[in-house]
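Engineer: This is the structure, below, for whatever I ask next.
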DNA sequence: AAATTGAATTTTGTATTCAAAATAATCTCG
DNA sequence: CGAGATTATTTTGAATACAAAATTCAATTT
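Protein chains in written order, with the working numbering: chain A, 734 to 945; chain B, 734 to 945.
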């Protein structure tokens with residue numbers, strides 16, 4: 734049983750977690766009554782939560798048929814990378830032009846634990862996600878932040894399990910950071926686009942290989 | 734009374750129209766029972782429609798208080814312009830690289846009626862909207878199209894009544910078209926970004942003037 | 001045994017009901 | 001009179017109820 738001033742909120746979070754953790758498998762039908770009972774709520778708040786997830790493209794609704802956990806294909810993954818490149822590119826540019834030392838420090842701190850010694854891969858992944866999220870959060874454009882969130886742009890890529898090694902990405906992250914520090918927005922954008930593009934290339938290479 | 738296989742759909746369209754046409758004024762509270770009765774449905778499909786509009790930022794929800802027609806301020810307008818620049822810029826680049834003659838012809842046709850003789854301003858506005866929408870629709874990235882739509886990026890700017898004259902924008906549109914035709918994606922993107930930026934500048938100038 | 005039809009069951013979409021919270025209206029007391 | 005407390009009304013959020021559509025499953029026919 735969940736307690737909250739609005740039930741749909743914790744239901745939404747729980748469902749999202751169930752989807753991203755693959756407790757609910759892609760393609761699987763979500764039987765409302767069943768999940769509602771499982772979470773100890775009625776269908777009303779569940780439906781609201783499902784609709785939120787539909788907007789985030791984690792769930793697909795077929796009228797009169799039901800709601801399904803969304804499957805993601807290569808085409809969509811590539812689309813997401815392109816959107817990330819566009820939106821994050823703009824964000825890092827805006828962020829850099831703001832020249833706010835507190836923001837820069839926040840970003841700096843994210844990768845500090847990985848500058849020397851062994852890298853805990855789990856912690857590094859979290860830091861990676863945080864870095865990209867921070868760029869979007871701190872850029873000052875709430876509409877962009879919203880679009881980025883509703884496209885669920887980061888979590889879907891992570892869900893797909895596509896991640897490069899820290900050895901490869903850390904220098905890229907630091908290059909972006911450096912460009913931000915010196916206040917060169919255009920360069921920061923360029924480095925970030927390159928960074929995302931490298932991941933995209935890996936994805937494409939991987940999928941071509943798999944298809945053979 | 735509305736007929737449809739899913740009531741929330743026509744209710745959504747009707748509500749959206751009511752908001753964009755200012756039948757429901759910005760800031761106004763939406764009393765669910767009242768609107769539901771007015772449209773001849775129960776609160777259930779109305780609520781679903783309202784939630785869709787909340788995601789499109791046309792409606793704002795305050796828990797336990799109610800839903801309100803969203804007010805837009807200058808900051809948000811500028812944010813929207815920046816997002817348009819980023820997303821449409823990417824779209825036109827993708828579109829251009831596809832080098833599809835059918836697509837180019839579709840875009841060409843939009844402004845054909847305005848190349849000679851007097852310009853019907855109402856028709857031109859529609860063509861303008863269609864041009865930008867086509868760029869997004871034809872770029873081939875469904876995720877981008879969705880983000881663009883859910884940001885409700887075009888209709889909100891139109892709602893705000895900010896439009897430049899055809900004399901000013903037609904040459905800009907044609908420059909974009911030309912770059913697409915010659916297959917220069919980077920140039921097309923640059924021209925489109927400039928085009929959107931010009932509108933943004935007008936908006937900022939207008940609002941500064943009004944504040945004095 | 002495979003395909004097709006038709007009843008039984010499940011599941012969805014919508015309406016209705018109900019309790020809790022918020023707002024409006026009324027009353028009391030300085 | 002006017003500010004604050006109290007009651008009444010409205011409105012929301014959630015649960016339940018119900019009809020229509022979709023699915024399942026078994027019976028029948030080929």
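Glycine included, C-beta positions come from ideal geometry on N, C-alpha and C.
Please confirm if residue 784 of chain A has its CB atom under 7 angstroms from at least one CB of chain B.
Structural biologist: Taking Cβ atoms only, chain B reaches closer than 7 angstroms to residue 784 of chain A, which makes this a yes.
Engineer: According to a CB-to-CB cut-off of less than 9 angstroms, which residues of the segment 758-787 of chain A neighbour chain B?
Structural biologist: Listed in sequence order: 777, 780, 781, 784 and 785.
Engineer: For residue 832 of chain A, collect the residues of the same chain with a Cβ closer than 7 angstroms to its Cβ; drop the 5 residues on either side in sequence, then sort them by chain order.
Structural biologist: Result list for residue 832 of chain A: 916, in chain order.
Engineer: Got a sec, what are the start and stop residues for the alpha helix (DSSP H) residue 822 of chain A sits in?
Structural biologist: 807-831 is the extent of the alpha helix (DSSP H) around residue 822 of chain A.
Engineer: Under 8 angstroms, with one C-beta from each stretch per pair, do the segment 846-857 of chain A and the segment 761-769 of chain B reach the 3-pair mark?
Structural biologist: Contact between the segment 846-857 of chain A and the segment 761-769 of chain B is absent, because fewer than three Cβ pairs lie under 8 angstroms.
Engineer: Residue 762 of chain A by DSSP, collapsed to three states: which one?
Structural biologist: DSSP places residue 762 of chain A in strand when its eight states are reduced to three.
Engineer: Can you have a look at residue 819 of chain B and say buried or exposed, based on whether 16 or more other CB atoms are within 10 angstroms of its CB?
Structural biologist: Residue 819 of chain B is buried by the Cβ-count criterion.
Engineer: Are the beta-carbon atoms belonging to residue 803 of chain B and residue 793 of chain B less than 7 angstroms from one another?
Structural biologist: Cβ atoms of residue 803 of chain B and residue 793 of chain B: closer than 7 angstroms.
Engineer: If you draw a straight line from the alpha carbon of residue 806 of chain A to that of residue 919 of chain A, how long is it in whole angstroms?
Structural biologist: Approximately 32 angstroms between the Cα atoms of the pair.
Engineer: Output the distance between the C-alpha atoms of residue 736 of chain A and residue 795 of chain B, rounded to the nearest integer angstrom.
Structural biologist: Its pLDDT being 39, under 50, residue 736 of chain A is placed unreliably in this model, and the value from its coordinates should be taken loosely. In a straight line, the C-alpha of residue 736 of chain A is about 19 angstroms away from that of residue 795 of chain B.
Engineer: Is there a Cβ from chain B that is less than 7 angstroms from the Cβ of residue 740 of chain A?
Structural biologist: Taking Cβ atoms only, chain B never reaches closer than 7 angstroms to residue 740 of chain A, which makes this a no.
Engineer: Could you please tell me which residues of the segment 872-885 of chain A, in chain order, have their CB closer than 8 angstroms to any CB of chain B?
Structural biologist: Those would be 874, 875, 876, 877, 879, 880, 883 and 884, in chain order.
Engineer: Where residue 890 of chain B and residue 751 of chain A are concerned, what is the direct C-alpha to C-alpha distance, given to the nearest angstrom?
Structural biologist: Cα-Cα distance, rounded: 38 angstroms.
Engineer: How should residue 932 of chain A be labelled, buried or exposed, when 16 other C-beta atoms within 10 angstroms of its C-beta is the threshold for buried?
Structural biologist: Label assigned to residue 932 of chain A: buried.
Engineer: Name the residues in the segment 790-818 of chain A whose C-beta lies less than 9 angstroms from a C-beta of chain B; which are they?
Structural biologist: Per Cβ criterion, the list reads 790, 796, 797, 808, 809, 811, 812, 813, 815, 816 and 818.
Engineer: Go ahead and pull the three-state DSSP assignment for residue 800 of chain B.
Structural biologist: Strand, per DSSP.
Engineer: I believe residue 888 of chain A touches residue 753 of chain A by the beta-carbon criterion, under 8 angstroms. Please report the beta-carbon distance rounded to the nearest angstrom.
Structural biologist: The pair is a contact, with the Cβ atoms about 6 angstroms apart (cut-off 8 angstroms).
Engineer: Given this structure, state the Cα-to-Cα distance separating residue 876 of chain A from residue 801 of chain B, to the nearest angstrom.
Structural biologist: Each residue's Cα considered, the two are about 18 angstroms apart.
Engineer: Within 7 angstroms of any Cβ in chain A, is that where the Cβ of residue 823 of chain B sits?
Structural biologist: Yes, residue 823 of chain B lies at the interface with chain A (some Cβ there is under 7 angstroms from its Cβ).
Engineer: Straight-line CA distance for residue 740 of chain A to residue 774 of chain A?
Structural biologist: Going from the Cα of residue 740 of chain A to the Cα of residue 774 of chain A covers about 8 angstroms.
Engineer: Excluding the 5 residues preceding and the 5 following residue 749 of chain B in the sequence, name in chain order all residues of the same chain whose CB lies nearer than 7 angstroms to its CB.
Structural biologist: 786 and 791.
Engineer: Buried or exposed: which applies to residue 838 of chain A, given that a residue is buried once 16 or more other Cβ atoms fall within 10 Å of its Cβ?
Structural biologist: It counts as exposed.
Engineer: Quick check on residue 771 of chain A: buried or exposed, where buried means 16 or more other Cβ atoms within 10 Å of its Cβ?
Structural biologist: Its Cβ having fewer than 16 others within 10 Å, residue 771 of chain A is exposed.
Engineer: Taking the beta carbon of residue 822 of chain B as the centre, do at least 16 other beta carbons fall within 10 Å, making it buried, or is it exposed?
Structural biologist: Burial call: buried.
Engineer: Please state if the CB of residue 938 of chain B and the CB of residue 825 of chain B are separated by a distance shorter than 7 angstroms.
Structural biologist: No, these two residues do not count as a Cβ contact at 7 angstroms.
Engineer: Does the beta-carbon distance from residue 906 of chain B to residue 844 of chain B come in below 7 angstroms?
Structural biologist: Yes; because the gap between Cβ atoms is below 7 angstroms, this pair is in contact.
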